[in-house]
Structure formats: C-alpha cells, structure tokens
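One structure is given below, encoded as structure tokens.
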Amino acid sequence: MNIIVCIKQVPDVTEVSWDPETGSLIRKGIPSIINPNDKNAIEAALQLREMNGGEVTVISMGPSQVEEALREALGMGVDRAIQLTAKQFAGSDTWATAYTLGLAMKKIGQYDLIICGKEAIDGMTAQVGPQLAEYLGLPQLAYAMHIEVVDSKVRVKQKLGDLDRLLEAPMPALITVEREAYQPRVAPMDTILEAYGKEIPVWKPDDLNGEVENFGLTGSPTKLRKVYTPKLIKGKIEMLEGGPEDVARKFIGKLKEKYIL
Amino acid sequence: MASKIDISEYRGVWVFVEQTEGEPARVSLELLGKGRELADKLGVVLTAFLLGESVQDTAKELIFFGADEVIVADHPLLRDYRTELYTDIISEQAMARKPEVLIVGASPIGRDLAPRLSFRLNAGCTADCTGLDIDEESRLFVSTRPAFGGNVMATIICPEHRPQMSTVRPGVMALPEKDDSREGQIIDLELQLDEDACKVKILESVKGASEGVNIQDAERIVAIGMGAGDKETFDMIKELAELLDGEVGATRFAVEAGWVSHDRQIGQTGKTVRPELYVGCGISGAVQHTAGMSASKMIIAINKDPNAEVFKIADYGIVGDVRKVVPAIISELKNQMT
Chain A
-5 MNIIVCIKQV
5 PDVTEVSWDP
15 ETGSLIRKGI
25 PSIINPNDKN
35 AIEAALQLRE
45 MNGGEVTVIS
55 MGPSQVEEAL
65 REALGMGVDR
75 AIQLTAKQFA
85 GSDTWATAYT
95 LGLAMKKIGQ
105 YDLIICGKEA
115 IDGMTAQVGP
125 QLAEYLGLPQ
135 LAYAMHIEVV
145 DSKVRVKQKL
155 GDLDRLLEAP
165 MPALITVERE
175 AYQPRVAPMD
185 TILEAYGKEI
195 PVWKPDDLNG
205 EVENFGLTGS
215 PTKLRKVYTP
225 KLIKGKIEML
235 EGGPEDVARK
245 FIGKLKEKYI
255 L
Chain B
523 MASKIDISEY
533 RGVWVFVEQT
543 EGEPARVSLE
553 LLGKGRELAD
563 KLGVVLTAFL
573 LGESVQDTAK
583 ELIFFGADEV
593 IVADHPLLRD
603 YRTELYTDII
613 SEQAMARKPE
623 VLIVGASPIG
633 RDLAPRLSFR
643 LNAGCTADCT
653 GLDIDEESRL
663 FVSTRPAFGG
673 NVMATIICPE
683 HRPQMSTVRP
693 GVMALPEKDD
703 SREGQIIDLE
713 LQLDEDACKV
723 KILESVKGAS
733 EGVNIQDAER
743 IVAIGMGAGD
753 KETFDMIKEL
763 AELLDGEVGA
773 TRFAVEAGWV
783 SHDRQIGQTG
793 KTVRPELYVG
803 CGISGAVQHT
813 AGMSASKMII
823 AINKDPNAEV
833 FKIADYGIVG
843 DVRKVVPAII
853 SELKNQMT
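Protein chains in written order, with this note's numbering: chain A, -5 to 255; chain B, 523 to 860.
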C-alpha cells in the first residue's frame, strides 16, 4: 500500500514577537518547523505502513529550506521525499497549492492514500486537502481520528463537530487527520542519520505537466489586498481601584448599573 | 488559474444553510443576516441554499431570517451531510444560476464543503473570515481574515473568478431578527439521487460523548488565562461564573495546561464569542485570544500587570491578583444575594 503525505513548513507562529516601537510583527528569526498537525499525518501513514506494508512518500512545496522539513520527515521513518521548489510556485493560495500538489500526485502515479494534516498553524484554512481531493476526483475523508484498511477499502472514524461518524470509501482516497489523533513518534537516531544520506528530488514546473499561468501568485484566484495589525484599542477604560473588597463592590456596582445583575 | 468567464453575468448572494434534523445551524442564520446586508449593498437577491430531508418548514424559516428565495434540495439521502452529493448539487446550481457571492459557515461541515466546491467551480475561497464587505465602487466582495497565526489581519479579494467564496467563523456575525411577516420564493429542486453512486458510505453516525458546552450561547463569560495561576484558581473562577449565571471560557494556554476543556477555548484556535459580559481573569490580551472576544458588550479585565494589553480593550480594569480579587467578588456577591 502506497501512501503520500503532504506536509507544510511553517513559521512557529507561537514564537512571534512584536516591535514595541512600531507595533508591527517581527518576522525575522522565527524558527521554521513542520506544521505540527502534519506530523500527525506522517504518524498515521507510518502506522498504516506497519500494518499493511508498502511505502510512504512525503511531499512539500515551499522555498529551498523546505528540505529541512523533508529531512525531518525522513528521520521519522518515511521512505522517500519529494520537494516542489521553484520561483513560479511562490505566492500560491490554496487553489494554486492544491493544483501544484495534484500535478505532482499525477506524476507519482500510483498511490492508495493521500494523507494531510487537518490544517496548518499559520494559515489555518484547512482548504488544501479538500481542494486536492477535488482536483484528483478522490473521495474525501476529513477530520480522521482513526484510519484502517478493511477488505481493500479505507475506513475512517470522523469527528464532524459533535458527530462521531464511521465512513468507508474505496481507494485511492484523501484523508485529513485531526490534531488529537496519531501523536507523532520521536524520530529514532538511526533513521535520522539515514535521512541525511537520502536523495531528495526537486521538482519544478518543467517536471509537472501543468499550465504555467496556474502556478503561484498568477494562478491564485484570491489576491491579498492588504495586511494590517488589528487595532483593538477601545481607549475608554475606567480603572476600578482599591483593595480586593473595594474593587469587588465597584465590580458589582458596574454590573448593576448596566443591568447585568 | 486564468479566468475565462464574463463576471458581469454573475449576480446575487448565496448562503449555504447547514441543518441538523431540520434545525438550521446558528452560523447559517448569522450569515443570512450578513448576506442580507451584502445583497442590499449590491442591489441583488439573497438566496439561501438548503439541503436535507423534509426541510420545507425550515425553508420558510430562512425567509423570516432575511432570504428572498430559498433553493431547496429535499431528499432522504441528504439527511446526513455528504461531501460528494452536497458538492454535486450546489455546484450544478451555481453553474446554472451564477451567483456572484457564495458564503458558507466555517463549521466542520462548511470547512469540508466550501474548499471542494470552490475548486469544482474554479473559484477562490477565503477561509475563516471575520469580516465581509462590498467595495461599492468595484462591486468586489472583500473578506477579512486573521493570518500568520492570528498575529495580523489580511484583506482578500477575488477579482476574476466567480462566485467569490468565503467561509465565516461562527459567532462573528450578529444573529438577525426574525420577521414572520417576510415573504419569499421557495425553489424546489427535482433530484434523482442514487445511494449506489456515492463512493463514501456512512456506516455509523452518533452524537459524540463530549458534554458539549457551547460557550457561544453564554451571555456571561468568565475567562481564565495564564496569569490566573493554577488549577485551584480555576475552581474559584468556575464559582464566579456560576454566580453570574455564566460559563467559564479560557485562553489556549489554560486549555493546554489542562485546566479547561478545548470546547471552552476562546480565540483564533477556539471559538468567537460576543456575550453581554466578559470577565478576563489573568488574561494578558494576546491577539490570539482577543480576536475571539473583542466584540463582547462589556469587558472587565483583572490582571496583576498594569501594562497588560487586555486593558486596551477593556471597559473596566482591575489591577490586582486574581486569587485575591475573585474571592472578594464571590463573597460580596453572596452577601448581596442573601
């Protein structure tokens, strides 16, 4: 059974800091990591391989540094990695990303499952998985808590809001994995060392059988108009002062004044 | 992708309506309210798109909440949400009827459906928006969403493709008033659906075991953050929430520390709330949290640090230790009740 896992390298947005002078975001020096949720997808693929045999391929689109993320995935034990890096791919929205990944899947040709994390911590759109499934005409099984293969079909326990569902689909199919499922393993030292010896092919537009105008920023239907730092300043705060008993009385007084109590 | 369509042929605003046993999802009604406003700005019809089984009464309800017309796909196979069938039916109608805007709630169902639908329709889709508007000069649909982990906001347009699609976070838009006197048109689709043609089978579907608090329904919220200290403080905060007839909310930190369950998390990776009263206990005011509560009607913040960001958005502020202030409020509340 052959599985392809799509991963994204993201800035560790929990490490973001602000310039106290200008109030703007400091992007420099933020470490890049494998999107945490994508590690759950890798773990799911590795467990399925352990049970059903086959190969796990990991693929990522991004700037040249995305190689680090792919090496880390190889270190976790995936069999091979493919990198999509070209200036034409830069600025892709979810449509163009799904298109480019889809072309790569067609080039890989033979696969039974594509597994993605539910969403990335930077964009948090959760769109690339379903869009890739649509492009390839695959059944889409989102929010997987558990995956198993039964009689050459795939079964997924799906957490759909407050519903727990069991879905079954023929393969190939595309699955997105929940954050709570498949806690990723710690990479063993021997596979980490092996990972550094592995060749990672880099695919560019010429390697993919696509339309050039569909890649990257030009191919993206959505366009960024502006980015700004949210201003949340109400600027009319009234401080309630005094010891705990004083502020408690004032607190209740305010609730009464506004008819909350 | 390159667009080959004449965008001037596309008119009208559509809202996808999600329902459970005929009950429309709250987020869908919120979107009808916002959709009404967008349709009025554009001078076009607001259409609700409803799929389900025996949903005729629901369709009328949607008109009361602001729709001019409701397209209804009523069939036993549509009772449960199915990605394939829902995508097929909506995309077929959208290709024929050509709406310029299509909005979907960013619920688990909406986030599964909208991207698939957008790819089928060769349209862009902006996910998890917190603001929607029309640029009246260009007639463009303008969506605002948090980006970069919620640290910045991005405004996104989709100039050359139609429909212009967005998903919208639940709780962000206000629930519209229901008006039983409103009238509108109901369009029933003729459907020939076949279970055997569906690749994905639903073998089981049960209500989850989680106790399922919906803090979005709470009118009073007492929220706990990192500065509140520890699990013991949480018990105090729970007591205060109960005395105020409210619910406990939390920052991501408090959820990850294990004090509170994830369904109570407010902010970027949690829920968006707009209660009449929000009391923040030991909450610093990081944008990842405040993006989910800044629309609260009254905000009271309690924090040791007088420079905490939260004081910039609060109506009333108390500089002090949560562990001293909260018990004092609790005993004063109890005093006044007896």
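Heads up, the beta-carbon is just placed ideally off N, CA and C, and yes, glycines get one too.
Since we're looking at a predicted model, the values are computed, not measured.
Would you mind sorting residue i into buried or exposed? The rule is 16 or more other CB atoms within 10 Å of its CB.
| i | result |
| --- | --- |
| residue 910/B | Outside the modelled stretch of chain B, which goes from 523 to 860, sits residue 910/B, for which no answer is possible. |
| residue 718/B | exposed |
| residue 800/B | buried |
| residue 527/B | exposed |
| residue 190/A | exposed |
| residue 860/B | exposed |
| residue 668/B | buried |
| residue 222/A | exposed |
| residue 552/B | buried |
| residue 856/B | exposed |
| residue 200/A | exposed |
| residue 605/B | buried |
| residue 832/B | buried |
| residue 71/A | buried |
| residue 203/A | exposed |
| residue 82/A | buried |
| residue 696/B | exposed |
| residue 174/A | exposed |
| residue 730/B | exposed |
| residue 104/A | exposed |
| residue 253/A | exposed |
Going by CA-CA distance only, name the one from the options that's closest to residue i.
| i | options | result |
| --- | --- | --- |
| residue 797/B | 778/B, 713/B, 822/B and 624/B | 822/B |
| residue 843/B | 830/B, 750/B, 775/B and 757/B | 750/B |
| residue 180/A | 25/A, 40/A, 2/A and 6/A | 40/A |
| residue 847/B | 251/A, 244/A, 62/A and 255/A | 244/A |
| residue 177/A | 87/A, 140/A and 238/A | 140/A |
| residue 88/A | 102/A, 106/A and 113/A | 113/A |
| residue 251/A | 809/B, 849/B, 773/B and 820/B | 820/B |
| residue 861/B | 769/B, 673/B, 576/B and 714/B | Shown here, chain B extends from 523 to 860; a query on residue 861/B therefore has no answer. |
| residue 707/B | 626/B, 586/B and 850/B | 586/B |
| residue 217/A | 789/B, 562/B and 678/B | 678/B |
| residue 249/A | 828/B, 705/B and 851/B | 851/B |
| residue 207/A | 66/A, 69/A, 73/A and 93/A | 93/A |
For residue i and residue j, I'd like the C-alpha separation in whole angstroms.
| i | j | result |
| --- | --- | --- |
| residue 588/B | residue 599/B | 27 Å |
| residue 617/B | residue 570/B | 16 Å |
| residue 776/B | residue 747/B | 6 Å |
| residue 157/A | residue 635/B | 16 Å |
| residue 545/B | residue 579/B | 10 Å |
| residue 149/A | residue -5/A | 15 Å |
| residue 214/A | residue 787/B | 33 Å |
| residue 172/A | residue 242/A | 43 Å |
| residue 824/B | residue 745/B | 10 Å |
| residue 256/A | residue 595/B | Since the displayed chain A opens at -5 and closes at 255, residue 256/A lies outside it and no answer follows. |
| residue 255/A | residue 766/B | 8 Å |
| residue 757/B | residue 802/B | 15 Å |
| residue 691/B | residue 188/A | 44 Å |
| residue 556/B | residue 210/A | 32 Å |
| residue 2/A | residue 54/A | 6 Å |
| residue 46/A | residue 135/A | 19 Å |
| residue 34/A | residue 144/A | 21 Å |
| residue 28/A | residue 62/A | 9 Å |
| residue 550/B | residue 537/B | 7 Å |
| residue 109/A | residue 6/A | 22 Å |
| residue 728/B | residue 547/B | 18 Å |
| residue 862/B | residue 814/B | Any property of residue 862/B remains undetermined from this structure, which presents chain B solely from 523 to 860. |
| residue 647/B | residue 840/B | 42 Å |
| residue 682/B | residue 525/B | 6 Å |
For residue i and residue j, which I take to be in contact (beta-carbon distance under 8 Å), what is that distance rounded to the nearest angstrom?
| i | j | result |
| --- | --- | --- |
| residue 50/A | residue 122/A | That belief does not hold up - the Cβ atoms of residue 50/A and residue 122/A are roughly 19 Å apart, past 8 Å. |
| residue 806/B | residue 830/B | 5 Å |
| residue 737/B | residue 771/B | 5 Å |
| residue 165/A | residue 147/A | 7 Å |
| residue 649/B | residue 689/B | 5 Å |
Is residue i a contact residue of the ligand FAD, with contact defined as CB to any heavy atom under 7 Å?
| i | result |
| --- | --- |
| residue 155/A | This structure simply doesn't include the ligand FAD, nor any ligand for that matter. |
Near-chain A residues of the stretch 526 to 557 of chain B - C-beta to any C-beta below 8 Å: Residues: none.
message: Any C-beta of chain B within less than 7 Å: which residues of the stretch 49 to 60 of chain A qualify?
response: Going along the stretch 49 to 60 of chain A in chain order, one finds no residue with a Cβ nearer than 7 Å to chain B.
query: Closer than 9 Å, Cβ to any Cβ of chain A: which residues of the stretch 629 to 640 of chain B, in chain order?
result: 629, 630, 631, 633, 634, 635, 636, 637, 638, 639 and 640
- prompt: Between the stretch 96 to 112 of chain A and chain B, which residues of the former have CB atoms less than 7 Å from a CB of the latter, in chain order?
  reply: Residues: none.
- request: Closer than 8 Å, Cβ to Cβ, to anything on chain B: give me those residues from the stretch 127 to 156 of chain A, in chain order.
  value: 127, 128, 129, 133, 134, 135, 136, 137, 149, 153, 154, 155 and 156
- prompt: If you measure beta-carbon to beta-carbon, which residues of the stretch 80 to 94 of chain A are closer than 9 Å to chain B?
  reply: Cβ contacts with chain B come from 87, 88, 89, 90, 92 and 93.
- request: Give, in chain order, every residue of the stretch 799 to 822 of chain B whose Cβ lies closer than 9 Å to some Cβ of chain A.
  value: 799, 801, 807, 809, 810, 812, 813, 816, 819, 820, 821 and 822
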